[in-house]
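Colleague: Chains as they are written, first to last, in this note's numbering: chain C, 1 to 420; chain B, 421 to 828; chain G, 829 to 1055.
Beta carbons are placed, not taken as given, at the ideal position from N, Cα and C, and that holds for glycine.
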Amino acid sequence: MRSRGFLLRLAVKNLTRYGRRTVITALAIAAGVGIYIAMDSAIAGFAGESDRLYAGYETGDVAVTAPGYWEERQRFPLDRLVADPQAVIDTLRADGLSATPRTAFSGELVVRYDPFPEDGSLQAMFYGIDMDRDADVFGLLGSIEQGRAPDAGEDGLLIGRSLADRLGAEVGFPVTVTTRTRDGFHQLMDLEITGIFQTPNPVINRRAMYMPIGLVDTVLEMQGAVTHVHTVLPGNLPADADYRRVERLLADVDGVEVLSFEVMNQEMAEIMEIEDNALQIILFLLGIIAVVGISNTMLMAVLEREREIGMMRAVGVRNSEIRRMFFYEAGAIGLAGSVVGIALGSVLVWLLVNIGLDYGFLLDGVDMDFRWDGVLVGVWNVPTMGYAAVGASLVAGLASMVPVRRILKKTVTATLRDDH
Amino acid sequence: MKLHRIALRNVFRNGRRSVLSLTAVAVAAMSITLLFSVLAGIQDDVRHNSWNFDSGEVRIRHGMYDEYEYLNPVQYMVDDHESLVTALLDMDEVEAVSPRVSIAGVTIQNSREIASFGMGFDLERERDFQDLSSLVASGRLPEAGRNEAIVGFRLARELGIEIGDSFTVLTQTRARASNAFTLDVVGLADFPLGALSSSAYILPLDRAQHFVRSQGGVTELLVKGGGRDTEGLQAAIEERFATLGRDELNATPWTVASGGYAYLQMAGPIYSMFALVFFVLGSTVIINTTMMTVHERTREIGTLSALGMKGRDLVRLFFTEGAVLGLAGSALGVLIGAAIALVLGRVGIDFGTSMELIDMDISNVLYPAVNAGTLVFVFAYSSVIATAASFLPSRRAAKLSPVDALRG
Amino acid sequence: MITAQGVHKHYVDGETEVHALRGVDLTIDAGEFISIAGPSGSGKSTLLNLIGCLDSADEGEISINGTKVAGQKVAALVELRRQNIGFVFQSFNLIPVLTAYENVAMALSLLGTPDAEIRERVMSLLRDVGLEGMEHRRPSRLSGGQQQRVAVARALIKDPAIVLADEPTANLDSETGEQLLKLMKDMNRSRGTTFVFSTHDQMVMDYADRLCRLHDGEITHDERRSA
């Protein structure tokens, strides 16, 4: 409709009448929008990083285990196994997907005085990995900082930098791992630390150790079985369709369960939901204040222009057109605020993305199960910026409806009267 | 008529607008009150949990134990703790001392290893340190001298045991040899920390000492003072160690020892930033409202100044009006915020089990805490901001010339 | 053609009820140039508001070009005003953020008239009312007389059947007022637009082709003069 253009122009012109007020209101909106964008960026950055590190170093995009293994995974059961991992791997390979087996088990790492600074032991998680294929799926073997990965047949161990520092371990130090075989008998491995890795995933840097899967198979009497087969999917994070593809491929393999990343990442997802809810509450409170601010500003504008509105109505401007005019006016304040808010938010996000907020110094002694190294790095989330801007403008526009309704309820003659 | 009477009447003249600006201030004040209450709740909670289950206000360990903490260095114990406890309790700064033996062990069940964490408590002495009875979900606390334990309810579920059953734990002795011991379950515990409920049990100190062959030693002593001067407490304890010739011991304040304290450090600035944002937004609304008031009553200002009211008085008139709204809004907001916080403080905010992922001493159920100091602070702060915000536009009233104002 | 029959109107001002019109009968033919005169409080503004469909009568009937006002929906009245009636106000009531040109063009813009046509019509009308060269001034840069000419142009731009002017010269000095009246009369002659204005200004009454006097809500005098 052509009249829209006219109403828009009029609305914008009217805004210039109350410079200071418009600026103050817009700035309030800008502050809200900017901070929302920054918070969203930080939370998304945190979640994205966590997902990336979890998939890239621990779960892969899809994991194949024995049915029921996942529920019990924290106890490292050795009676729920993928009996024929090669069949799974071959099937996935045939379809062009990389796959690698891993066997996870718990045990105690025992170290002794000389060369270690002190006698000691600790409960830890160990993984037998395929030295040739693991790098197809995981970033671990590419993160060795010192020393080297053990050869497939070697009695060698890879440990994380954080753990090594805590233990005072160096490459070449001998350690003992005590654990139990598949059938529950005690077993003991004398290993040499061949390499120390430093991944961006603090959880495995602190707690996980890796050795050749052949050694694990022999010592734990696994008879070729493994606990997991991991695979990566094309694309960044696994979409549902890709996961279904793996599930279809393995439909004929008995005794396996296909775990999507969503399933494996559920705990984290729940935490993010709490974060999200907190953000929503804050957003809601910010919204209320902004709405009060906008409707106040618009109420003021409406009251000041009462006669003018009366005149417009007298000459036949429809109520809907007057409502639209004020909607545009308030919406424009919202939009202006959003634009400044996006600029402000972008500066904050830029800082978050390029510099980050380093909480590492506070987290030094804290063991978190978060895959997060203490540096909060934001992400650019352009859709969020768009939604924030559209949302703020719409809310602003709608907030104008209350004061306008108030004046439209009056008769034209009452608004035209000279006594105000 | 006195100026403030006029101002007060004006507040009620335009009810809706006054309500709007009152609401804005109130929402801002309410949000900040809530925010601070939650923060205070977290603070109290983290402190409570750290002090009782993690670090005390000051934690005393063998220096070598601290150094090789991650190696489970059970050989380094605090010896002759009885005389130490007596000496510590003798100090003015010390209110309570709890000697403890920690047992990192595993229970083996159907070829699975279930890790657990035993806490040997001197149950007599612990009464002065904390009220353990609040942990008891069912059954009772263990008694000294008996092979009994109260088990975290989720650990019990995982072990498949109930009151009346027993469980066996394999651990290391002080000489780093293996030892297994069996405990009868006499109670189930619901620890404030979910992580403890799923991994910990409490047993009598004397039995714990026996199981790890501690030769009279304990793993650590947790000390509580008044909480006002943790560093002073630490210094006093170290001084006492020096006079006792116990240089092998290390006293660590909870600000260093506890992971929860680090979390508080992290959360504090973030919360303050939120508070600031709410106030900036709230203030803009007040500024706008007062500007509106001035504008709307331009003609009245003209009349008043034509009648001889001075610019300063006009400023005061509108300023008083803004201040009344600011004060009332702040008071209302603080009251509502405090009321919500009080209700939440009773009911608690349940975070479910997600907090277990963080070793930060935060309980699963958080109880916001309302303290008078915070309320007064938020009220004062929001009143000042709100009042100051009404000053700017009030000045405009004084600048209007009577002629312009009358033409309005 | 406008007819009013037995029109009564009450309104409440504060706490007092005012019986503004007490049975007014009036017929105005197309093309008339009529002045409704009376002291303030006589009900002339009220009568104009009723004729302009801004308000509705409590009793009696008003019809514009055969359309009865009573019983119409609000939206229909707005359309009636939009199509048939132009207003000129005592205090000009121009929109301060719009230029003279834009103030006049507003009504057409809202009707969705093509820009080229708007331009042509507005420019020619502004020329007719003697505002050539001042199209792009905002009201604050126009004199009172010029502002009221803009208002007249605004009222005329849609070629309404009727223009209602409520004390159009009250805020103008007598010379400017006379020029404005002359302008309106010219428009009345050249376009055939009906002009109805209220006034208590003798000069305005002298200009009118027909003079109705209103006193306490009743017509006490109705006199036609030859042009």
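For Ala933 (chain G) and Arg947 (chain G), I'd like the C-alpha separation in whole angstroms.
Modeller: To locate residue 933 (chain G), count along the third sequence from 1; it is residue 105. To locate residue 947 (chain G), count along the third sequence from 1; it is residue 119. If you take the alpha carbons of Ala933 (chain G) and Arg947 (chain G), they lie about 8 Å apart.
Colleague: From Asp841 (chain G) to Phe699 (chain B), what does the alpha carbon distance come to, in whole angstroms?
Modeller: Numbered from its first residue, the third sequence carries residue 841 (chain G) at position 13. Numbered from its first residue, the second sequence carries residue 699 (chain B) at position 279. If I take the Cα positions, the gap works out to 43 Å.
Colleague: Could you please give me the residues that DSSP links to Leu445 (chain C) through a beta bridge?
Modeller: Within the shown structure, residues of chain C are numbered from 1 to 420, placing residue 445 (chain C) beyond reach of any answer.
Colleague: Excluding the 5 residues flanking Gly172 (chain C) on each side, which residues of the same chain have their C-beta closer than 7 Å to its C-beta?
Modeller: Within the first sequence, the letter at position 172 stands for residue 172 (chain C). Within the same chain, Gly172 (chain C) has close Cβ partners Glu192 and Ile193.
Colleague: Please report the Cβ distance between Leu92 (chain C) and Glu108 (chain C), rounded to the nearest whole angstrom; I am assuming they are in contact, meaning their Cβ atoms lie under 8 Å.
Modeller: Position 92 of the first sequence, counted from the first residue, corresponds to residue 92 (chain C). Position 108 of the first sequence, counted from the first residue, corresponds to residue 108 (chain C). Rounded, the Cβ-Cβ distance is 34 Å, inconsistent with contact.
Colleague: State the start and end residues of the unbroken beta strand (DSSP E) segment that holds Pro612 (chain B).
Modeller: Here residue 612 (chain B) corresponds to residue number 192 of the second sequence, with the count starting at 1. No beta strand (DSSP E) contains Pro612 (chain B), which DSSP labels as neither H nor E.
Colleague: Of the residues that make up the stretch 785-800 of chain B, which ones have a beta carbon closer than 8 Å to any beta carbon in chain C?
Modeller: From the stretch 785-800 of chain B, no residue has a Cβ closer than 8 Å to chain C.
Colleague: Could you check what DSSP says for Gln187 (chain C) in three-state terms: helix, strand or coil?
Modeller: The residue you call residue 187 (chain C) lines up with position 187 of the first sequence. Of the three classes helix, strand and coil, the one that applies to Gln187 (chain C) here is strand, per DSSP.
Colleague: Between Asp853 (chain G) and the rest of its own chain, which residues show a CB-CB distance below 6 Å, the 5 nearest in sequence each way excluded?
Modeller: Taking the first residue of the third sequence as 1, we reach residue 853 (chain G) at position 25. The residues are Gln833.
Colleague: Mark Val404 (chain C) as exposed unless 16 or more other C-beta atoms lie within 10 angstroms of its C-beta, in which case mark it buried.
Modeller: Taking the first residue of the first sequence as 1, we reach residue 404 (chain C) at position 404. Looking at its Cβ environment, which holds 16 or more other Cβ atoms inside 10 Å, Val404 (chain C) is buried.
Colleague: Once the 5 residues before and after Val82 (chain C) are set aside, which same chain residues still bring their CB inside 8 Å of it?
Modeller: Residue 82 (chain C) sits at position 82 when you count from the first residue of the first sequence. Around Val82 (chain C): Val64, Thr65, Ala66, Val88, Pro101, Ala225, Val226, Thr227, His228, Val229, Gly255 and Val256.
Colleague: To the nearest whole angstrom, what separates the beta carbons of Ser393 (chain C) and Ser338 (chain C), a pair I think is in contact under 8 Å?
Modeller: Position 393 of the first sequence, counting from 1, holds the residue named residue 393 (chain C). Position 338 of the first sequence, counting from 1, holds the residue named residue 338 (chain C). With a Cβ gap of about 6 Å, Ser393 (chain C) and Ser338 (chain C) count as contacting.
Colleague: Please report the straight-line C-alpha distance between Asp465 (chain B) and Asn277 (chain C), rounded to a whole angstrom.
Modeller: If you number the second sequence from 1, residue 465 (chain B) lands on position 45. If you number the first sequence from 1, residue 277 (chain C) lands on position 277. Those two C-alpha atoms are separated by around 21 Å.
Colleague: Contact criterion: CB-CB distance below 7 Å. Does Glu221 (chain C) meet it with respect to chain B?
Modeller: On the first sequence, position 221 is the one that residue 221 (chain C) refers to. Cβ-Cβ to chain B under 7 Å: no for Glu221 (chain C).
Colleague: Between which two residues does the alpha helix (DSSP H) harbouring Phe631 (chain B) extend?
Modeller: Taking the first residue of the second sequence as position 1, residue 631 (chain B) is located at position 211. Note, Phe631 (chain B): alpha helix (DSSP H), Leu625 to Phe631.
Colleague: With a 10 Å radius around its C-beta and 16 neighbouring C-beta atoms as the bar for buried, classify Thr855 (chain G) as buried or exposed.
Modeller: Mapped onto the third sequence, residue 855 (chain G) falls at position 27. That one is exposed.
Colleague: Going by alpha carbons, who is nearest to Thr443 (chain C) out of C:Phe284, C:Gly334 and C:Arg248?
Modeller: For chain C, the structure presents residues 1 to 420; residue 443 (chain C) sits outside this window and is missing.
Colleague: Is Glu640 (chain B) helix, strand or coil by DSSP?
Modeller: Stepping through the second sequence from its first residue, residue 640 (chain B) is reached at position 220. In this structure, Glu640 (chain B) counts as strand in the three-state DSSP scheme.
Colleague: State the start and end residues of the unbroken beta strand (DSSP E) segment that holds Val846 (chain G).
Modeller: Locating residue 846 (chain G) in the third sequence gives position 18, counting from the first residue. Residues Thr844 to Ile856.
Colleague: Give me whichever residues DSSP pairs with Thr199 (chain C) in a beta bridge.
Modeller: Taking the first residue of the first sequence as 1, we reach residue 199 (chain C) at position 199. Answer is none; Thr199 (chain C) lacks a bridge partner.
Colleague: Assign Ser388 (chain B) to one of two classes, buried (16 or more other C-beta atoms within 10 Å of its C-beta) or exposed (fewer than that).
Modeller: Residue 388 (chain B) is absent from the structure shown; chain B starts at 421 and stops at 828.
Colleague: What does Arg324 (chain C) touch in chain G if you count any residue whose Cβ is under 7 Å from its own?
Modeller: On the first sequence, residue 324 (chain C) is found 324 positions in, with the first residue counted as 1. Near Arg324 (chain C) there are no residues of chain G at all, since even the closest Cβ is about 11 Å away, more than 7 Å.
Colleague: Any beta carbon of chain G sitting closer than 7 Å to that of Lys409 (chain C)?
Modeller: Reading the first sequence from its first residue, position 409 is the one you call residue 409 (chain C). Not closer than 7 Å to any Cβ of chain G, the Cβ of Lys409 (chain C) fails to qualify, so no.
Colleague: What are the residues of the stretch 28-51 of chain C that lie near chain B, defined by any Cβ-Cβ distance shorter than 7 Å?
Modeller: Per Cβ criterion, the list reads Ala28, Ala31, Gly32 and Ile35.
Colleague: Just to confirm before moving on: does the CB-CB distance between Asp1029 (chain G) and Thr997 (chain G) stay below 7 Å?
Modeller: Residue mapping note: residue 1029 (chain G) aligns to position 201 of the third sequence, counting from 1. Residue mapping note: residue 997 (chain G) aligns to position 169 of the third sequence, counting from 1. It is a contact, given that the beta carbons lie within the stated cut-off.
Colleague: For Lys1013 (chain G), collect the residues of the same chain with a Cβ closer than 7 Å to its Cβ; drop the 5 residues on either side in sequence, then sort them by chain order.
Modeller: Position 185 of the third sequence holds residue 1013 (chain G). Correct list, in chain order: Phe861 and Tyr1035.
Colleague: How many angstroms separate the CA atom of Leu724 (chain B) from the CA atom of Val916 (chain G)?
Modeller: Counting from 1 along the second sequence, the entry for residue 724 (chain B) is found at position 304. Counting from 1 along the third sequence, the entry for residue 916 (chain G) is found at position 88. If you take the alpha carbons of Leu724 (chain B) and Val916 (chain G), they lie about 33 Å apart.
Colleague: Are the beta-carbon atoms of Leu163 (chain C) and Arg112 (chain C) separated by less than 7 Å?
Modeller: On the first sequence, position 163 is the one that residue 163 (chain C) refers to. On the first sequence, position 112 is the one that residue 112 (chain C) refers to. Their beta carbons are not under 7 Å apart, which means Leu163 (chain C) does not touch Arg112 (chain C) by this criterion.
Colleague: For Ile480 (chain B) versus Ala609 (chain B), is the C-beta distance shorter than 7 Å?
Modeller: Here residue 480 (chain B) refers to the residue found at position 60 of the second sequence. Here residue 609 (chain B) refers to the residue found at position 189 of the second sequence. Against a cut-off of 7 Å, the Cβ pair of Ala609 (chain B) and Ile480 (chain B) comes out as no contact.
Colleague: So with CB distances below 9 Å, who are the chain C contacts of Val478 (chain B)?
Modeller: Taking the second sequence and counting its residues from 1, the one referred to as residue 478 (chain B) is at position 58. Correct list: empty, because the minimum Cβ distance to chain C is about 16 Å.
Colleague: Between the alpha carbons of Met425 (chain C) and Leu664 (chain B), how many angstroms are there, rounded?
Modeller: The structure shown does not extend to residue 425 (chain C), since chain C is modelled only from 1 through 420, so no value can be given for it.
Colleague: Consider the Cβ of Thr413 (chain C): report whether some Cβ of chain G lies at a distance smaller than 7 Å.
Modeller: Along the first sequence, read from residue 1 onward, the residue named residue 413 (chain C) stands at position 413. Chain G contact via Cβ: present.
Colleague: With DSSP collapsed to three states, give me the class of Met1015 (chain G).
Modeller: On the third sequence, residue 1015 (chain G) is found 187 positions in, with the first residue counted as 1. The answer is helix: DSSP assigns Met1015 (chain G) an H, G or I state.
Colleague: The beta strand (DSSP E) spanning Ala885 (chain G) covers which residue range?
Modeller: Numbered from 1 along the third sequence, position 57 holds the residue referred to as residue 885 (chain G). Per DSSP, Ala885 (chain G) belongs to no beta strand (DSSP E) and is neither H nor E.
Colleague: Would you call the CB atoms of Phe537 (chain B) and Ala557 (chain B) closer than 7 Å?
Modeller: Numbered from 1 along the second sequence, position 117 holds the residue referred to as residue 537 (chain B). Numbered from 1 along the second sequence, position 137 holds the residue referred to as residue 557 (chain B). Cβ atoms of Phe537 (chain B) and Ala557 (chain B): not closer than 7 Å.
Colleague: Going along chain G, which residues have a C-beta under 8 Å from Thr16 (chain C)?
Modeller: Locating residue 16 (chain C) in the first sequence gives position 16, counting from the first residue. Simply Val925.
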